[in-house]
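To start, the structure itself, in structure tokens.
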Amino acid sequence: MRTIQFLIFFSIVLTILGLVNYYIGIHGWQALPAGTVSRGVYIAVIAFCASCGIVCLIVLAGFVNAQIQKVTTLDLRVHKKVEGFKTLNIAAASDLHLGTLVGVRRVRAVAEIMRKLNPDIILFAGDILDEDMAPAVCKNICGGMENVRPRFGFFTVPGNHEHYGGMQRALAYLTEHRITVLRDEVVKIDDLFYIVGREDPGHGGSPENRRKPLKELLAGVEPTKPIVLLDSRPEIVNIRLTFD
């Protein structure tokens, strides 16, 4: 996104410089060396068109990629024994960005895939909603998940887009649709395993106060039970150090 913003800004600056130089040139003044007035306009127009073309290609590629539903299967073995608990089938997704561009049809497609997977629990790693929540609420987009009923329910953590659109509104809407939002919280599921959900690191305040340290969150967790960590923007090094 920052690359796209830079390209747009760069092309606009070049266009303005070319137009200013052209205006000065036709009035008999020369801001740049002779012969560069028309060249400046030409370069600015080419740069602007090229930047717009690159932006369109990136947006198109992103749109096409978003339409392709991909399922990646991971077989993870946890060396912890819990009586009467041998397997856990998890379905996970992230960055759905439900709202203006992603609507009910897309949600129903994802929901159908998850239903066929027959998961015990469904996890979202943030950014379920886009920053503009109005379309999601008006179209009841999350209602597309109503036919999926995992044994242990739905859990998510906040992403930066939930905060952009208003965290309290997002929290109320997701809770209404049976999705539990964990904000620096730990939940023990049926005395079998833990879900640890972290707050988004960029939600505001000074860096040290943005969210609880992972070590603090895990303080009351029984290490003999499996732990599932949800984090919208995980810091892999810190996670490894904490669990080690």
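Residue numbers for the sequence shown follow this note's numbering, so the first one is 2 and each next one is one higher.
C-beta: ideal position from N, C-alpha, C; glycine also.
All figures in this text were calculated on a predicted structure; none of them were measured in a lab.
One alpha carbon belongs to Asp131, the other to Val229, and they sit about 25 Å apart.
Counting other Cβ atoms within 10 Å of its Cβ, Ala112 reaches 16 or more and is therefore classed as buried. Boundaries of the beta strand (DSSP E) around Ala94: Ile91 to Ala94. For the pair Val187 and Lys213, the Cα-to-Cα distance works out to about 12 Å.
Secondary structure note for Leu124: its beta strand (DSSP E) is the uninterrupted segment Ile122 to Phe125.
Between Val182 and Leu172, the C-beta spacing is below 8 Å. By the criterion of a C-beta distance shorter than 6 Å, Met146 is surrounded in its chain by Ala112, once the five residues flanking it on both sides are discounted. Phe156 is not a Cβ neighbour of Asp121, given a cutoff of 8 Å. Pairing Asp201 with Ser233 gives a Cβ-Cβ distance under 8 Å.
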